[in-house]
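What follows is a set of notes on a single structure, which appears directly below.
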Amino acid sequence: MAAAADNGKATALLSVDDVAVTFGGISALNGLSFDMQRGEILGLIGPNGSGKTTLFNCLSRFYTPSSGQIRISGRDLLGLRISNVARCGVGRTFQNVAAFAGLSVLDNVRIGAHARVGGHVIADALRLPRARRAEQAINAIAEALIDELALGDVASTPVGALPLPRQKRVELARALATDPQLLLLDEPAGGLNHEEAVELGALIQSICDARGISVLLAEHHMGLVMSISDRVIVLSFGRKIADGPPAAVQNDARVIEAYLGGRAA
Amino acid sequence: MSAVTQSAGSARIAAYAGVAALALSLALPFAVSGFVVFQLTQVMIFAIAILGLNLLTGISGQFSLGHGAFFALGAYAAAIAIDSFGLHYGLTLPLAAMICFLVGFLFGLPALRLEGIYLALATFALALATPPLLKFSLVEGWTGSVQGVFLAKPSPPFGLPLSDDQWLYLLTLVVGLALYRVARNLLDSRTGRALIAIREHPIAAGAMGIDLPAYKTLIFGISAAYAGVAGALSAIVVQFVAPDSFAFWLSIALFVGLVVGGVGWLPGALLGGAFIVFAPNIAEGISKGLSGALYGIILVVLIYLMPAGAGGLLRRLGLAQGPRTGRSS
Ligand SMILES: Nc1ncnc2c1ncn2[C@@H]1O[C@H](COP(=O)(O)OP(=O)(O)OP(=O)(O)O)[C@@H](O)[C@H]1O
Ligand SMILES: [Mg+2]
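These protein sequences, in sequence, are chains R and G.
As numbered in numbering that gives the first Met the number 0, residues 0 to 264 make up the first sequence, in order.
As numbered in numbering that gives the first Met the number 0, residues 0 to 328 make up the second sequence, in order.
The following block contains the structure:
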């Protein structure tokens with residue numbers, strides 16, 4: 000039994016084990032554990048302040064949990080520096096858009112490819128053949144993503160000048176440029192109407208299928224989460240209160256109670 | 000579409016302007032007096048230091064009010080290497096670059112904890128500390144304390160038919176062009192975009208796998224190396240270094256030159272250099288007693304006319320690209 004559980008953890012893409020985060024007495028995450036398999040779309044829902052973004056920030060190494068373990072492809076994520084998280088296959092978008100607002104869409108996506116295409120400052124300073132090849136590789140990655148996400152018409156527009164949903168689209172392209180195994184999407188449907196959210200759902204699914212990557216999707220848009228998630232986790236006050244297929248989670252009494260405003264028992 | 004053609008148009012204008020400026024700068028030393036050649040050389044020297052400051056401030060968004068200290072370090076490294084160790088003056092340039100890179104890099108490490116005005120203040124302390132350090136008795140044997148170090152004027156090599164001033168002008172021009180090229184290359188590269196990303200959104204930059212501490216200290220070192228090369232050239236051209244040539248006003252002057260030229264617009268460095276060399280002269284020419292006040296007035300008028308420096312003005316007229324994107328795309 001224990002051996003089987005260990006085995007499961009070794010092969011899981013992401014394994015979160017008993018993670019807790021507190022902010023000056025407020026417990027933002029409490030005893031959170033779950034695993035994610037490769038290729039899985041995992042929905043993450045919960046009322047405002049339930050700890051979704053806090054979890055993302057732990058996975059990006061912006062926050063260090065006060066206790067617990069996180070493993071990515073079997074590696075200790077909490078032993079990584081922030082700048083090595085992307086290299087270990089974790090890409091993300093931000094709830095409050097965090098694009099490089101003054102830069103063009105193309106430059107934003109190019110920066111996403113930073114860690115994926117290596118380089119050296121001396122090669123860059125002298126524009127050695129190596130730097131030129133890296134530049135070509137970065138451009139190829141960026142242009143392909145801009146095509147894939149239909150951003151071609153605004154490729155040279157500063158991102159800050161775009162409407163918010165398009166900025167989120169740029170962030171998605173930028174995150175994909177890091178070549179993630181695990182893609183963290185924090186409320187990608189914010190500001191979208193129903194049709195746009197449906198379209199986004201199809202896009203996320205096709206991105207996931209084409210690359211065989213996993214998506215952790217934090218979202219308030221229930222229609223989107225329930226339609227594309229393989230599995231859904233529900234947080235309430237930093238605790239996991241449900242974990243299962245969308246249909247089961249939707250009918251869970253504790254989930255309904257959490258959303259109706261009652262404190263989870 | 001129109002944005003693309005417009006930027007192609009402004010790129011062509013920039014290319015013509017570049018060729019014309021190059022032709023002019025090659026002809027100038029043969030058309031003006033020796034003293035003016037000397038002054039123009041100084042303009043280019045300050046421009047090199049401002050170029051380095053621009054990489055730091057304009058690109059990575061960190062402030063320094065202490066680049067005069069790196070300028071001084073480069074100047075003294077060159078003077079001591081020539082005077083005490085008999086090094087060829089040409090070799091002092093890479094030497095000053097390396098020393099200042101190292102010191103700048105090391106200074107950049109604690110500076111990582113500081114942001115914005117706090118970093119500016121820490122660097123300003125560096126500028127204030129420079130003259131007393133140079134006068135310090137332990138290093139007197141090398142620095143010559145208050146008296147400083149005198150150097151011989153280098154003559155043109157290979158019996159070139161040039162005056163000493165013309166030779167130093169051309170040497171500075173070539174070094175300046177090479178360093179400009181390097182700055183441009185950096186700006187248009189993966190490294191440059193990483194630095195701009197840090198300025199635009201440090202958290203997002205980190206999530207893209209950009210190593211913030213590494214890049215911030217790296218650019219501090221590179222920026223200091225530019226100031227150091229400028230300082231070494233200055234020692235060679237002026238043939239003299241003394242502590243009081245590197246008082247804190249030098250750091251302020253470099254910062255003012257950066258702002259006048261335009262933060263984030265590399266060619267603006269030349270205008271900034273010209274401002275440092277000529278504005279005090281112009282002010283003094285108008286009224287000796289009030290030169291300080293007039294210098295201030297010239298500065299205020301310039302900032303009023305060009306709130307974003309010369310680069311900002313050109314950009315408004317559609318003649319230069321924005322400082323944010325490294326290239327037209
Ligand atoms: N940096 C921080 N400092 C202090 N408290 C924080 C910080 N980040 C999050 N919190 C707190 O932690 C709790 C969880 O917040 P979090 O942002 O993770 O919720 P969320 O599920 O993402 O909510 P939403 O749906 O509104 O985005 C909240 O009580 C929040 O106030
Ligand atoms: Mg959130």
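Using N, Cα and C, we set each Cβ at its ideal position, and we do this for glycine too.
Since we're looking at a predicted model, the values are computed, not measured.
Within the region 95-139 of chain G, the runs of alpha helix (DSSP H) at least 4 residues long that lie entirely inside it are, in chain order, 115-134. Apart from the 5 residues on each side of it in sequence, SER59(R) sits with its Cβ closer than 8 Å to the Cβ of ILE81, VAL84, VAL89, ARG91 and LEU183 in its chain, given in chain order.
In the three-state reduction of the DSSP assignment, ALA241(R) falls in the strand class. Spatial neighbours of GLY42(R) in its own chain (CB-CB distance under 6 Å, excluding positions within 5 residues in sequence) are listed in chain order as LEU216, VAL224, SER228 and VAL231. Between the region 184-200 of chain G and the region 115-133 of chain G there are fewer than three C-beta pairs closer than 8 Å, too few to call the two in contact.
Straight through space, the alpha carbons of ALA231(G) and ALA95(G) are spaced by roughly 6 Å.
In this chain, the alpha helix (DSSP H) harbouring ILE110(R) covers 104-111. Remark: the C-beta of LYS51(R) is in contact range of ligand 2, defined as less than 7 Å to any heavy atom. Annotation for VAL84(R): the continuous alpha helix (DSSP H) segment containing it runs 81-84. Between VAL233(R) and VAL254(R), the C-beta gap is smaller than 8 Å, which places the two residues in contact.
Three or more Cβ pairs closer than 8 Å define a contact, and the region 239-251 of chain G meets that threshold against the region 63-78 of chain G. Counted as a single uninterrupted DSSP element, the alpha helix (DSSP H) harbouring MET43(G) occupies residues 33-53. Within chain G, the residues GLY205 and ALA206 have their CB atoms less than 8 Å from the CB of SER59(R), given in chain order. Relative to ligand 1, the beta carbon of PHE22(R) is positioned inside 7 Å of a heavy atom.
Closest in C-alpha terms to LEU64(G), from the list PHE274(G), VAL258(G), SER250(G) and ILE302(G), comes SER250(G). Here the C-alpha atom of ILE25(R) lies approximately 39 Å from the C-alpha atom of LEU217(G).
When only Cα atoms are considered, LEU27(G) and PRO160(G) end up about 16 Å apart. Shortest gap from the CB of ALA206(G) to any heavy atom of ligand 2: 7 Å or more. One alpha carbon belongs to ILE81(G), the other to ILE98(G), and they sit about 15 Å apart.
The shortest C-alpha to C-alpha distance from ALA98(R) to any of ASN47(R), VAL158(R) and GLY200(R) is the one to VAL158(R). Collapsing the DSSP output to three states places MET207(G) in coil.
DSSP links ASP75(R) through a beta bridge to ARG70(R). Under the three-state reduction of DSSP, ASP243(G) is assigned to helix. ASP16(R) is bridged by DSSP to GLN68(R).
At least one C-beta of chain G is nearer than 8 Å to the C-beta of HIS113(R). For ARG109(R), a Cβ of chain G is located within less than 8 Å of the residue's own Cβ. Between the alpha carbons of VAL276(G) and PHE45(G) lies a gap of roughly 8 Å. VAL231(R) is bridged by DSSP to GLY42(R) and GLY243(R). Note: SER26(R) is bridge-paired with THR21(R) in the DSSP secondary-structure output. Between ligand 2 and the CB of ALA46(G), the shortest heavy atom gap is not smaller than 7 Å.
A direct Cα-to-Cα measurement between VAL255(G) and LEU113(G) gives close to 22 Å. Taking every protein chain shown into account, the CB of GLY118(R) has 16 or more other CB atoms within 10 angstroms, so this residue is buried. Going by DSSP, LEU215(R) is part of the beta strand (DSSP E) stretching over 213-217.
DSSP places LEU161(R) in the coil class of the three-state scheme, outside both helix and strand. Identification of chain G residues near GLU134(R) by a Cβ-Cβ cut-off of 9 Å yields ASP187, SER188 and ARG189, ordered along the chain. If you check the C-beta of ILE69(R) against ligand 1, you find no heavy atom less than 7 Å away.
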